[in-house]
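Take a look at the structure set out below.
Protein chains: 2
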Amino acid sequence: MSGDHGPRIILPAALEILKKYPDIRLILVGHEDKLRAELPDTPFADRLVIHHAEQVVEMDDSVSVALRSKKQSSMRVAINLVKEGKAAACVSAGNTGALMAVSRFVLKTIRGIDRPAIIATVPTAISHTHVLDLGANVDCTAEHLLQFALMGSVLISETENKPNPTVALLNIGSEDIKGNSVVKQASALLEQESSLNYTGYIEGNQINHSDIDLVVCDGFVGNVALKTSEGVAKFIAKVLKKQFNRGIYSRLIGLLALPILKRLSREINPDEYNGASLVGLRGVVVKSHGGAGVKAFYHAIETAITEARQDLPARIEEKLPNP
Amino acid sequence: MSGDHGPRIILPAALEILKKYPDIRLILVGHEDKLRAELPDTPFADRLVIHHAEQVVEMDDSVSVALRSKKQSSMRVAINLVKEGKAAACVSAGNTGALMAVSRFVLKTIRGIDRPAIIATVPTAISHTHVLDLGANVDCTAEHLLQFALMGSVLISETENKPNPTVALLNIGSEDIKGNSVVKQASALLEQESSLNYTGYIEGNQINHSDIDLVVCDGFVGNVALKTSEGVAKFIAKVLKKQFNRGIYSRLIGLLALPILKRLSREINPDEYNGASLVGLRGVVVKSHGGAGVKAFYHAIETAITEARQDLPARIEEKLPNP
Chain A
4 MSGDHGPRII
14 LPAALEILKK
24 YPDIRLILVG
34 HEDKLRAELP
44 DTPFADRLVI
54 HHAEQVVEMD
64 DSVSVALRSK
74 KQSSMRVAIN
84 LVKEGKAAAC
94 VSAGNTGALM
104 AVSRFVLKTI
114 RGIDRPAIIA
124 TVPTAISHTH
134 VLDLGANVDC
144 TAEHLLQFAL
154 MGSVLISETE
164 NKPNPTVALL
174 NIGSEDIKGN
184 SVVKQASALL
194 EQESSLNYTG
204 YIEGNQINHS
214 DIDLVVCDGF
224 VGNVALKTSE
234 GVAKFIAKVL
244 KKQFNRGIYS
254 RLIGLLALPI
264 LKRLSREINP
274 DEYNGASLVG
284 LRGVVVKSHG
294 GAGVKAFYHA
304 IETAITEARQ
314 DLPARIEEKL
324 PNP
Chain B
4 MSGDHGPRII
14 LPAALEILKK
24 YPDIRLILVG
34 HEDKLRAELP
44 DTPFADRLVI
54 HHAEQVVEMD
64 DSVSVALRSK
74 KQSSMRVAIN
84 LVKEGKAAAC
94 VSAGNTGALM
104 AVSRFVLKTI
114 RGIDRPAIIA
124 TVPTAISHTH
134 VLDLGANVDC
144 TAEHLLQFAL
154 MGSVLISETE
164 NKPNPTVALL
174 NIGSEDIKGN
184 SVVKQASALL
194 EQESSLNYTG
204 YIEGNQINHS
214 DIDLVVCDGF
224 VGNVALKTSE
234 GVAKFIAKVL
244 KKQFNRGIYS
254 RLIGLLALPI
264 LKRLSREINP
274 DEYNGASLVG
284 LRGVVVKSHG
294 GAGVKAFYHA
304 IETAITEARQ
314 DLPARIEEKL
324 PNP
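These protein sequences, in sequence, are chains A and B.
Under the working numbering, the final residue of the first sequence carries the number 326; numbering is consecutive throughout.
Under the working numbering, the final residue of the second sequence carries the number 326; numbering is consecutive throughout.
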């Protein structure tokens, strides 16, 4: 029911998934009348269930409102279905903070994990990388960063079939003894952990330019890095548009360059990378970007399918050191 | 002597300054023979002094090497000249960590300032903003962030003639109770400080899109934000280049679009904003980007001139609450 476009985007994406994956069944959780009104005729109706939920968590609802006053929300009901084993995964385009809090409250964390984290895929000049945490945890210890590294490593090795993904710790380079105290402690822990392919520090300007598979940082820093990246990309797009609108010559070239600029946009912000995973929970929960289109939301569902098939929570639990 | 291009860039920039500012005298600190060899004939020779320094702080020298083993470096000698009152300001394109450490050791901090900070100008879709700290301080308290806010405010009001610059605290928005504990405490301190025009929190994606004059954050977060921005801009430039090189049609359009893309590059990375200021010291020190060209280095010198004319360290000291 949520995200910027609601069922208008989510329903066509769901039908595409049913078409592509003949063994997948989907439960659409939301207001039944509204969903039925928007649902096109489909040959896949037998693999589609509508599960009614009276309420919706709004984008500006606080975590406490979502937790306490929205027990009949589509978000809460969908996560309950995962908890009850009636769904293998939950995908939502809704309020991130609420999704994390409700997921954590209902599903609980995996034994050995103090805090769940959010991991996303980011395009690079070479291919792509993963960054976590992206905002779930704002005051992290070195042990939390180690847990993030372990969870992210398992996710990459399980879902991308990369047996030994490289891991780097986000840091800064302008100080003699690099980094703040938590990052320095975390680096020592990551070095000691033999199951990790830890390569050392990475700086912000290398995130989009290295072949590292996983960038680990606390949620505050990760959120700032990700949001700043979005802001810069939007800023450059704005200036590009402005410069191509300056005078008749520029406009003409802009028109001719349109297919090239569209390819640029798709490569900078690829639909395939939509779908951030909430890891560390006893269940699969994937967060789609609120503004995702049909193709992007389709990829968020696909991410959830892959993680559910691998039983990612169980794989993470196996990898953790015995407490 | 330092930066990516050394005297080859710095000397022409210096001559341009002498031409533009008839009341300014410049001291070129560095290896005399090398400087003389590169110095073109100039009608401004009477306002130019070469001050010999035997050593150079290299880009990969550690802070301790710069402090202990490079007492005859151009960097150290230039800062000594500021300390002795023989120069009103120092401009360097050298190693940032070393420049900060040597400046702090030689010049000391202003009474009431625990730690100096680095502040830079960043272009926005509206005009520009300033961000500090950018990496000098990696473990900050709320009081440090307050000091950064005060220093940045004075810098903007004094050098841009803006009497009451707006100040925001960099934070993240995905949590119910936003931000980490230090940022929350800092927000309370900034609100109480009547001399600040504090407007509240700002998220990473708004840095390039708001009309806020000053964004305050700890040096770790600021460094990651700035470096990540650089990385993203470079990534987009790379993809743009690649897309304009795909096939004959794209190449042709790329050729025609060249002046537009050059305007884009100048607007994204303007020479005018080169020159980050080390604030909180008892003296004016400006850091140029290592890769700066002549025009960009010229602007770094101009920044130093403006700050020296306003006697920025004295203005900052006046603004601080009495200890």
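Don't be surprised by glycine CBs; every beta carbon is placed ideally from N, CA and C.
The alpha helix (DSSP H) enclosing residue i, as first and last residue numbers
i, result
"Asn-226 of chain B", "222–247"
"Ser-67 of chain B", "66–71"
"Lys-298 of chain A", "297–312"
"His-147 of chain B", "145–162"
"Leu-255 of chain B", "250–271"
"Val-186 of chain A", "184–195"
"Val-218 of chain B", "Here Val-218 of chain B belongs to no alpha helix (DSSP H); instead the beta strand (DSSP E) covers 217–219."
Check whether residue i and residue j have beta carbons under 7 angstroms apart
i, j, result
"Asn-174 of chain B", "Gly-234 of chain A", "no"
"Asn-140 of chain A", "Gly-222 of chain A", "yes"
"Val-68 of chain B", "Asn-98 of chain B", "no"
"Val-157 of chain B", "Lys-322 of chain B", "yes"
"Ala-16 of chain B", "Val-287 of chain B", "no"
"Gly-278 of chain B", "Ala-311 of chain B", "no"
"Ser-5 of chain A", "Ala-96 of chain A", "yes"
"Ala-90 of chain B", "Ile-30 of chain B", "yes"
"Ala-145 of chain A", "Ala-260 of chain B", "no"
"Gly-155 of chain A", "Leu-135 of chain A", "yes"
"Leu-38 of chain B", "Pro-10 of chain B", "yes"
"Leu-281 of chain A", "Pro-119 of chain A", "yes"
"Ala-152 of chain B", "Leu-193 of chain B", "yes"
Exposed unless 16 or more other CB atoms sit within 10 angstroms - verdict on residue i
i, result
"Ser-198 of chain A", "exposed"
"Asp-216 of chain A", "buried"
"Asp-49 of chain B", "exposed"
"Ala-317 of chain A", "exposed"
"Glu-73 of chain A", "What sits at residue 73 of chain A in the sequence shown is Lys, not Glu. Under this definition Lys-73 of chain A is a buried residue."
"Tyr-301 of chain A", "buried"
"Pro-168 of chain A", "buried"
"Glu-57 of chain B", "exposed"
"Leu-84 of chain A", "buried"
"Asn-183 of chain A", "buried"
"Tyr-252 of chain B", "exposed"
"Gln-195 of chain A", "exposed"
Residue span of the beta strand (DSSP E) that contains residue i, given as start and end
i, result
"Leu-31 of chain A", "29–33"
"Thr-112 of chain B", "Per DSSP, Thr-112 of chain B belongs to no beta strand (DSSP E) and is neither H nor E."
"Thr-126 of chain A", "Before going on, a small fix: residue 126 of chain A reads as Pro here, not Thr. Taken as a continuous stretch (DSSP letters only), the beta strand (DSSP E) holding Pro-126 of chain A covers 120–126."
"Glu-206 of chain B", "200–206"
"Thr-284 of chain A", "According to the sequence displayed, residue 284 of chain A carries Leu and not Thr. Unbroken run through Leu-284 of chain A: none, as it is neither H nor E."
"Ala-317 of chain A", "First-last for Ala-317 of chain A: 315–322, but that is the alpha helix (DSSP H), not the beta strand (DSSP E)."
"Ser-95 of chain A", "92–95"
"Leu-18 of chain A", "Leu-18 of chain A -> not in any beta strand (DSSP E); alpha helix (DSSP H) instead, spanning 10–23."
"Ala-48 of chain B", "Taken as a continuous stretch (DSSP letters only), Ala-48 of chain B belongs to no beta strand (DSSP E), as it is neither H nor E."
"Ala-171 of chain A", "169–174"
"Val-134 of chain A", "131–135"
Beta carbon proximity, residue i to chain A, threshold 7 angstroms
i, result
"Leu-14 of chain B", "no"
"Ser-253 of chain B", "yes"
"Ile-308 of chain B", "no"
"Ile-263 of chain B", "yes"
Cβ of residue i within 7 angstroms of any chain B Cβ
i, result
"Asp-179 of chain A", "Any reading at Asp-179 of chain A must be qualified, since the residue scores a pLDDT of 49, below 50, and its modelled position is unreliable; the value itself is stated next. At least one chain B Cβ lies under 7 angstroms of Asp-179 of chain A."
"Gln-313 of chain A", "no"
"Glu-194 of chain A", "no"
"Gln-246 of chain A", "yes"
"Ala-260 of chain A", "yes"
"Asn-226 of chain A", "yes"
"Val-141 of chain A", "yes"
"Glu-146 of chain A", "no"
"Leu-243 of chain A", "yes"
"Glu-206 of chain A", "yes"
"Gly-6 of chain A", "no"
"Gly-138 of chain A", "yes"
"Ile-82 of chain A", "no"
"Ile-256 of chain A", "yes"
TODO: May I ask you to list, following chain order, the residues of the region 267–300 of chain A that have a beta carbon less than 8 angstroms from some beta carbon of chain B?
DONE: Leu-267, Glu-270 and Ile-271
Task: Short-range partners of chain B found in the region 229–241 of chain A, where Cβ spacing is below 8 angstroms - done: Leu-229, Lys-230, Thr-231, Ser-232, Glu-233, Gly-234, Val-235, Ala-236, Lys-237, Phe-238, Ile-239 and Lys-241
TODO: Identify each residue in the region 209–224 of chain B for which the Cβ-Cβ distance to at least one residue of chain A is less than 9 angstroms, and report them in chain order.
DONE: Across the region 209–224 of chain B, CB contacts with chain A closer than 9 angstroms involve Gln-209, Ile-210, Asn-211, His-212, Cys-220, Asp-221, Gly-222, Phe-223 and Val-224, in sequence order along the chain.
Open item on the list: Closer than 9 angstroms between beta carbons: that is the criterion. Which residues of the region 104–132 of chain A meet it against chain B?
Closed with: Ala-104, Ile-121, Pro-126, Thr-127 and Ala-128
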